[in-house]
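Engineer:
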Amino acid sequence: MAVHIRSLRRKIWQALSSIKTGVVLLITVVVLSAAGTIVLQRPVTDPDEMQRAYSPQVLRILDAVGLTDVFHAWWFVALMILVSLCIIAASIERFPNAWRYYARPYKSPDKTFRRALPIQKQIPIADEETGLVAAERSLHELGFKPERVVQSNHFSLFAERNRISEMAVYIVHASLLLIFFGGIVDALWGWRGFVKLTQGQQSSLVELRDGKQKSLPFAVRCDGAGQENYADGTPKKWWSQLAVVRNGQDLQRKEIVVNDPLVYGGVRFYQASYGPTGKLEKLLLTARASSGPGEKKDLALGLNEIASLDPDTTVQLAEFIPDYVVSDGQVYTRSTSVQNPAAHLLVTSRKSGKHVNFWLPALEGFAENAQSPYEFEAVDLKMGYFTGLEVSHEPGQWAVWAGVICMGIGLTFVFYVAHTRFWAVPVREANGKYTLWVGGLANRNREAFEERFRELVSKIEAELKTQAEVPARTRVPSIA
Amino acid sequence: MARARVEQQPAATGTTLIVMVGLGIAFLLFMAFLNVVKSGNLLNESNLLYAALIFYAGAGALYLGFGVTGTDSYVRFASLATWAGLAANTGAVAHRWYEAGHPPFASIYEMLLSFVWTLAVLTLIAEKKFGVKVIGTVTMPVAIVGVVLMQLLRTDVHPLVPALQSTWLHVHVTLAMLAYAACALSFALALMFLIQDKMQNETFLATTSLFGIGVYLGILTRFENWGGLSVVGWNAQEKSEMFLQRGVRLFVVIPDLGWLMLLVLLVVAAPFALYIVGRVRKNEALFTLANRAVFVSILLQIVALLVFLLRARAGQYPSLDAEGLYATSLAASPFILSGLVSGIFSSLLYLLLLWRRPDLERLLPTAEALDRITYKTICIAFPLLTLMIAAGAYWANRTWGSYWSWDPKETWAAITWLVYAGYLHMRITRGWRGRRAAYFAILGFVVVMFTFFGVTYLLPGLHAYA
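Heads up: the protein sequence lines correspond to chains A and B, in order. Residue 172 is where the first sequence starts when you use this note's numbering, and the numbers rise one by one after that. Residue 135 is where the second sequence starts when you use this note's numbering, and the numbers rise one by one after that.
Put into structure tokens, the structure is as follows:
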């Protein structure tokens with residue numbers, strides 16, 4: 172029984188770590204995510220549009236299978252986890268070999284290796300030492316640091332560069348896992364929401380995507396927001412002046428614009444939208460006594476605010492209607508955009524307690540403007556604007572960015588940095604003469620490497636020639 | 135056999151074509167110059183683009199001439215013309231950049247401008263560095279189509295909406311252009327590999343036909359009842375597409391055009407059907423018939439293009455979603471137009487292969503060399519793709535607060551990445567070479583094209599800008 176389980180386990184392991192499984196999984200991911208771009212997705216589509224696009228039966232089936240929200244379906248998450256496991260298993264399966272290769276480089280080539288290596292050359296030399304010295308110097312010239320390796324009864328040379336490139340593919344796979352990890356962390360503990368603030372307002376409640384509310388341990392206050400336009404009227408810039416408030420103290424202030432968020436305690440506030448609330452902030456008007464040549468008096472009234480005009484008379488802004496329409500003896504508003512505004516002022520006499528309804532403009536049937544002791548003229552409207560802030564908390568994003576950087580480095584090594592190795596072994600032939608066996612190997616970009624190898628060989632040959640010309644004496648110190 | 139055919143041909147001196155193309159360029163430049171004298175403004179963008187178009191067209195003609203006759207001097211003059219076109223194109227890009235104050239990637243027009251520039255640069259690199267001389271036969275027509283399309287699109291510098299004002303966007307789009315251009319190159323190289331690898335003409339025939347079927351099926355997704363074809367309405371005053379409401383385009387129906395497209399689809403599909411029947415029945419005669427059908431299909435495709443051009447340029451059409459009649463324009467349907475044009479080009483290229491295969495084989499590098507260069511190009515494209523996705527994610531994170539939101543363009547970019555990752559794995563760990571690798575490279579480019587055009591055209595999403 173135990174044997175059976177162990178063999179089963181080994182089978183699962185083999186299946187996970189095989190490249191065939193990897194490819195099948197990747198194809199599945201591709202097909203499913205393609206399906207997710209073709210079928211309308213619930214999170215980003217209006218429910219009405221879903222109804223319109225699919226018949227009820229089809230929609231029910233799609234919903235049941237999870238195709239209307241592919242990227243959050245349990246089976247998609249499971250698939251991603253399976254892909255991760257597959258990468259991990261494949262890496263573990265292959266890593267020890269690669270590590271052995273990396274940690275214990277093959278420095279002294281034996282006879283079989285020398286015979287089989289495709290890139291090699293035999294150069295006749297006078298004796299072992301001359302050949303080694305010539306090869307050493309040539310390798311130095313090419314920028315390598317050759318080391319002498321002791322073989323059973325003589326020396327050989329080994330030089331290499333960019334051994335790390337053998338491990339680069341593991342860097343890439345690890346970085347992919349790091350990105351997945353970040354994504355999973357964000358999917359589990361991250362959240363996204365929205366906050367709408369008017370000027371001066373502060374809030375610590377975020378409305379989440381799923382309709383729930385989240386309370387932050389601090390509040391954010393809007394000290395001002397605005398829009399700048401291009402000459403043709405298209406928006407150029409939205410900005411909000413934000414402050415982070417905790418226990419009545421301002422901890423951080425920043426003017427945010429699109430592309431430049433405020434970050435506090437891992438929560439980020441993005442400028443997302445900007446627009447009119449349809450509510451009045453201040454109505455600017457002038458007041459003048461109806462009788463006599465009284466001076467004009469400037470007033471600024473918010474909704475329900477009261478200002479006194481003289482010791483006896485006060486005025487209150489009782490109503491503001493951004494887009495009025497009169498019907499059936501009632502004043503209604505059609506929309507929240509300021510298209511056709513009307514203001515209702517209440518002029519009160521303290522002594523008599525009498526109210527006069529003053530309307531701007533004078534709406535027939537409502538306005539008692541003639542009876543008012545004061546005449547009012549509207550000068551300007553200051554409308555309230557809100558700034559829409561997208562709020563997000565993504566604790567896993569650092570893993571994602573770290574993964575991206577690692578992947579960049581890893582890919583650079585995988586594709587553009589070749590592990591190159593050179594060996595030089597003096598060999599005594601059967602006829603007693605010596606030859607220098609020079610061989611080289613690169614794990615990528617063969618053509619460029621062959622060019623390099625030819626360069627090395629010609630350098631060694633040139634070196635041997637000069638050595639042969641120069642008397643042996645001068646050669647001795649370099650050996651010692 | 136191949137050699138014998140080559141020797142039968144008269145030794146081409148090649149001066150005639152060069153003189154003709156030279157005269158053509160001189161004539162067109164002279165005409166353009168007259169125009170310039172009238173307007174008094176030499177170095178504006180449209181003039182530069184016009185000059186680029188003339189030179190690219192000259193280069194295209196010479197490259198084609200080289201493809202057909204194999205006269206070496208054609209290539210020399212063709213690359214000279216390409217250099218001149220590139221200079222004018224660079225001027226146009228620089229002018230645009232200066233005028234707009236941001237790198238030219240913000241609209242489809244600006245992207246095309248940059249894409250054509252990249253394509254010309256890559257053509258010259260491929261020719262000089264890798265010795266792939268005939269590549270201009272494929273890339274120059276694409277560049278010409280690009281420049282012609284640009285003439286139709288809205289060209290005024292329109293300011294960037296807040297979300298697009300980011301350096302990361304420029305990084306993202308630049309990388310995308312470079313990566314896609316490298317993918318396009320790997321595709322062309324893979325095709326050449328298949329030619330050198332003695333792939334049968336009939337297979338190319340079937341593929342060309344399949345490509346045409348894909349194009350016309352794509353167009354026919356806009357088929358409306360009673361044989362109409364719905365296209366986006368065009369507001370001539372504002373030079374922009376018409377919208378019913380924010381983000382919802384107004385479609386108008388051109389009557390009867392749908393039937394014509396359906397007919398062309400059938401004719402385009404005919405060679406493929408004949409090929410299948412020929413394979414099943416082992417009847418070689420059907421292949422000859424299929425080749426004739428390609429010829430007919432080219433003629434019909436040209437008719438379809440002309441009818442589309444004429445009907446889209448003039449006339450008022452009803453809409454299903456709104457009362458009244460509306461105009462449309464070629465500029466409103468850039469994808470249909472490029473689909474039609476590339477359908478014709480691919481059929482023409484097949485004819486070139488059919489008639490001049492021995493010459494092509496003589497002129498191309500060896501199959502092994504092409505296989506290697508294809509792999510190298512993908513080795514360049516893949517890291518660029520990776521960085522492009524990363525830069526896009528970073529930008530999205532700064533703008534919307536989310537680095538990955540599974541919108542269709544993002545998802546398809548990831549799919550592209552996976553396909554090329556698959557190619558690299560198969561090549562490196564499984565030692566896939568030759569045909570299988572070439573098929574994979576072609577598949578990769580098909581996915582790239584879908585990501586670039588198909589997603590914008592067929593699927594909704596955040597990437598409304600491009």
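Backbone N, C-alpha and C define an ideal beta-carbon position, used for all residues, glycine too. The model shown is predicted, which means the values in this text are computed figures rather than measured ones.
Quick one: Cα of residue 588 of chain A to Cα of residue 514 of chain B, how far?
Structural biologist: The residue labelled residue 588 of chain A in the question sits at position 417 within the first sequence. The residue labelled residue 514 of chain B in the question sits at position 380 within the second sequence. Rounded to whole angstroms, residue 588 of chain A to residue 514 of chain B spans 13 Å at the Cα level.
Engineer: Report the CB separation of residue 621 of chain B from residue 561 of chain A in whole angstroms; it is logged as a contact under 8 Å.
Structural biologist: Any answer about residue 621 of chain B is impossible in this case: the structure gives chain B only from 135 up to 600.
Engineer: Counting only C-beta atoms, is residue 548 of chain B closer than 8 Å to chain A at any point?
Structural biologist: For the purposes of this step, residue 548 of chain B is taken as the residue at position 414 of the second sequence. In terms of beta-carbon proximity, residue 548 of chain B lines the interface with chain A, with at least one pair separated by less than 8 Å.
Engineer: Since residue 434 of chain B contacts residue 474 of chain B with CB under 8 Å, what's their CB separation in whole angstroms?
Structural biologist: By 1-based counting over the second sequence, the position of residue 434 of chain B is 300. By 1-based counting over the second sequence, the position of residue 474 of chain B is 340. Residue 434 of chain B to residue 474 of chain B, Cβ: 11 Å. No contact.
Engineer: Restricting to runs no shorter than 3 residues, where is the beta strand (DSSP E) found entirely within the stretch 340-374 of chain B?
Structural biologist: Fully enclosed beta strand (DSSP E) runs of 3 or longer: 363-366.
Engineer: Report the CB separation of residue 584 of chain A from residue 342 of chain A in whole angstroms; it is logged as a contact under 8 Å.
Structural biologist: Position 413 of the first sequence, counted from the first residue, corresponds to residue 584 of chain A. Position 171 of the first sequence, counted from the first residue, corresponds to residue 342 of chain A. Going by Cβ atoms, the distance from residue 584 of chain A to residue 342 of chain A rounds to 7 Å, so yes, they are a contact pair.
Engineer: For residue 336 of chain A, tell me which candidate among A:482, A:280, A:273 has the shortest Cα-Cα distance.
Structural biologist: Here residue 336 of chain A refers to the residue found at position 165 when the first sequence is read from its first residue. The candidate whose alpha carbon is nearest that of residue 336 of chain A is A:273.
Engineer: Is residue 329 of chain A helix, strand or coil by DSSP?
Structural biologist: Walking along the first sequence from the start, residue 329 of chain A turns up at place 158. Reduced to three states, the DSSP call for residue 329 of chain A is strand.
Engineer: Quick one: measure Cβ to Cβ for residue 607 of chain A and residue 597 of chain A, integer angstroms, because I've assumed they're closer than 8 Å.
Structural biologist: Counting from one through the first sequence, the residue named residue 607 of chain A turns up at place 436. Counting from one through the first sequence, the residue named residue 597 of chain A turns up at place 426. Indeed, because the Cβ distance is near 5 Å, the residues count as touching under 8 Å.
Engineer: Going by DSSP, what residue range makes up the beta strand (DSSP E) through residue 545 of chain A?
Structural biologist: Start at 1 with the first residue of the first sequence, and residue 545 of chain A comes out as number 374. 545-564 is the extent of the beta strand (DSSP E) around residue 545 of chain A.
Engineer: Excluding the 5 residues preceding and the 5 following residue 616 of chain A in the sequence, name in chain order all residues of the same chain whose CB lies nearer than 8 Å to its CB.
Structural biologist: Position 445 of the first sequence, counted from the first residue, corresponds to residue 616 of chain A. Same-chain partners within the cutoff: 589.
Engineer: Three-state secondary structure (DSSP) at residue 239 of chain B?
Structural biologist: Position 105 of the second sequence, counted from the start, is the residue given in the question as residue 239 of chain B. Coil, per DSSP.
Engineer: Going along chain B in order, which residues have a C-beta closer than 7 Å to the C-beta of residue 140 of chain A?
Structural biologist: With chain A running from 172 to 651 in the structure shown, residue 140 of chain A is simply not present.
Engineer: Taking 8 Å as the CB-CB limit, is residue 376 of chain A close to chain B?
Structural biologist: Looking up residue 376 of chain A in the first sequence gives position 205. Contacts with chain B at 8 Å (Cβ-Cβ) do not include residue 376 of chain A.
Engineer: Residue 425 of chain B and residue 487 of chain B - do their beta-carbons sit closer together than 8 Å?
Structural biologist: Here the question's residue 487 of chain B lines up with position 353 in the second sequence. Here the question's residue 425 of chain B lines up with position 291 in the second sequence. In this structure, residue 425 of chain B does not lie closer than 8 Å to residue 487 of chain B by Cβ.
Engineer: Buried or exposed for residue 212 of chain A, going by 16 or more other Cβ atoms inside 10 Å?
Structural biologist: Walking along the first sequence from the start, residue 212 of chain A turns up at place 41. By the neighbour-count rule (16 or more Cβ atoms within 10 Å), residue 212 of chain A is buried.
Engineer: Please report whether the beta-carbon of residue 221 of chain A lies at a distance below 8 Å from any beta-carbon of chain B.
Structural biologist: Translated into the one-based positions of the first sequence, residue 221 of chain A becomes position 50. By this cut-off, residue 221 of chain A is not an interface position.
Engineer: What three-state label does DSSP hand residue 610 of chain A in the structure shown?
Structural biologist: Position 439 of the first sequence, counted from the first residue, corresponds to residue 610 of chain A. DSSP places residue 610 of chain A in strand when its eight states are reduced to three.
Engineer: Which residues, in order along the stretch 575-602 of chain A, keep a beta-carbon less than 9 Å from a beta-carbon of chain B?
Structural biologist: Answer in chain order: 575, 576, 578, 579, 582, 583, 585, 586, 587.
Engineer: Can you check whether the CB of residue 253 of chain B is closer than 8 Å to the CB of residue 226 of chain B?
Structural biologist: In the second sequence, residue 226 of chain B corresponds to position 92, counting from 1. In the second sequence, residue 253 of chain B corresponds to position 119, counting from 1. No; because the gap between Cβ atoms is not below 8 Å, this pair is not in contact.
Engineer: From B:490, B:324, B:353, B:313, pick the residue whose C-alpha is nearest to that of residue 502 of chain B; which is it?
Structural biologist: Locating residue 502 of chain B in the second sequence gives position 368, counting from the first residue. For the residues B:490, B:324, B:353, B:313, the minimum Cα distance to residue 502 of chain B belongs to B:324.
Engineer: Give the residues of chain B in contact with residue 439 of chain A, contact being defined as C-beta atoms less than 8 Å apart.
Structural biologist: The sequence position of residue 439 of chain A within the first sequence is 268, counting from 1. Correct list: 535.
Engineer: Taking 8 Å as the cut-off, does the stretch 199-217 of chain B touch the stretch 259-272 of chain B (at least 3 CB pairs, one atom from each stretch)?
Structural biologist: yes
Engineer: Leaving out five residues before and five after residue 345 of chain B in sequence, what residues of the same chain have Cβ atoms less than 6 Å from its Cβ?
Structural biologist: Taking the first residue of the second sequence as position 1, residue 345 of chain B is located at position 211. Result list for residue 345 of chain B: 480, in chain order.
Engineer: In whole angstroms, what is the alpha-carbon distance linking residue 302 of chain A and residue 600 of chain A?
Structural biologist: On the first sequence, position 131 is the one that residue 302 of chain A refers to. On the first sequence, position 429 is the one that residue 600 of chain A refers to. Roughly 14 Å between the two C-alpha positions.
Engineer: Under 8 Å between beta-carbons, which chain A residues line up against residue 564 of chain B? List them in chain order, please.
Structural biologist: For the purposes of this step, residue 564 of chain B is identified with residue 430 of the second sequence, where counting begins at 1. Within chain A, the residues near residue 564 of chain B are 190.
Engineer: Does DSSP put residue 589 of chain A in a helix, a strand or coil?
Structural biologist: For the purposes of this step, residue 589 of chain A is identified with residue 418 of the first sequence, where counting begins at 1. Coil.
Engineer: Between residue 438 of chain A and residue 565 of chain A, what straight-line distance do the alpha-carbon atoms span, to the nearest angstrom?
Structural biologist: Position 267 of the first sequence, counted from the start, is the residue given in the question as residue 438 of chain A. Position 394 of the first sequence, counted from the start, is the residue given in the question as residue 565 of chain A. In a straight line, the C-alpha of residue 438 of chain A is about 8 Å away from that of residue 565 of chain A.
Engineer: Ignoring anything shorter than 3 residues, give me the beta strand (DSSP E) runs that lie fully in the stretch 355-427 of chain A, in order along the chain.
Structural biologist: 362-369, 373-379, 384-400, 406-417
Engineer: Within 8 Å of any Cβ in chain B, is that where the Cβ of residue 623 of chain A sits?
Structural biologist: Working through the first sequence from its first residue, we reach residue 623 of chain A at position 452. Contact of residue 623 of chain A with chain B is not assigned, every C-beta pair being separated by 8 Å or more.
Engineer: Quick one: is residue 477 of chain B buried, meaning 16 or more other Cβ sit within 10 Å of its Cβ, or exposed?
Structural biologist: On the second sequence, position 343 is the one that residue 477 of chain B refers to. Classification for residue 477 of chain B: buried.
Engineer: Taking only runs of the beta strand (DSSP E) that begin and end inside the stretch 463-512 of chain A, which ones reach a length of at least 3 residues, in chain order?
Structural biologist: 468-472, 477-479, 484-492, 495-498, 501-504
Engineer: Pop quiz: residue 277 of chain B and residue 190 of chain B are said to be a contact at Cβ under 8 Å. What is the actual Cβ separation, rounded to whole angstroms?
Structural biologist: Translated into positions along the second sequence, residue 277 of chain B becomes position 143. Translated into positions along the second sequence, residue 190 of chain B becomes position 56. The pair is a contact, with the Cβ atoms about 5 Å apart (cut-off 8 Å).
Engineer: For residue 259 of chain B and residue 267 of chain B, I'd like the C-alpha separation in whole angstroms.
Structural biologist: What you label residue 259 of chain B is simply residue 125 of the second sequence in a count that begins at 1. What you label residue 267 of chain B is simply residue 133 of the second sequence in a count that begins at 1. In a straight line, the C-alpha of residue 259 of chain B is about 10 Å away from that of residue 267 of chain B.
Engineer: Just the Cα atoms here: how many angstroms apart are residue 522 of chain B and residue 450 of chain B?
Structural biologist: The residue labelled residue 522 of chain B in the question sits at position 388 within the second sequence. The residue labelled residue 450 of chain B in the question sits at position 316 within the second sequence. In a straight line, the C-alpha of residue 522 of chain B is about 42 Å away from that of residue 450 of chain B.
Engineer: When the Cα of residue 393 of chain A is compared with those of A:382, A:385, A:421, which residue comes out closest?
Structural biologist: Within the first sequence, residue 393 of chain A is the residue found at index 222, counting from 1. Nearest of A:382, A:385, A:421 to residue 393 of chain A, Cα basis: A:421.
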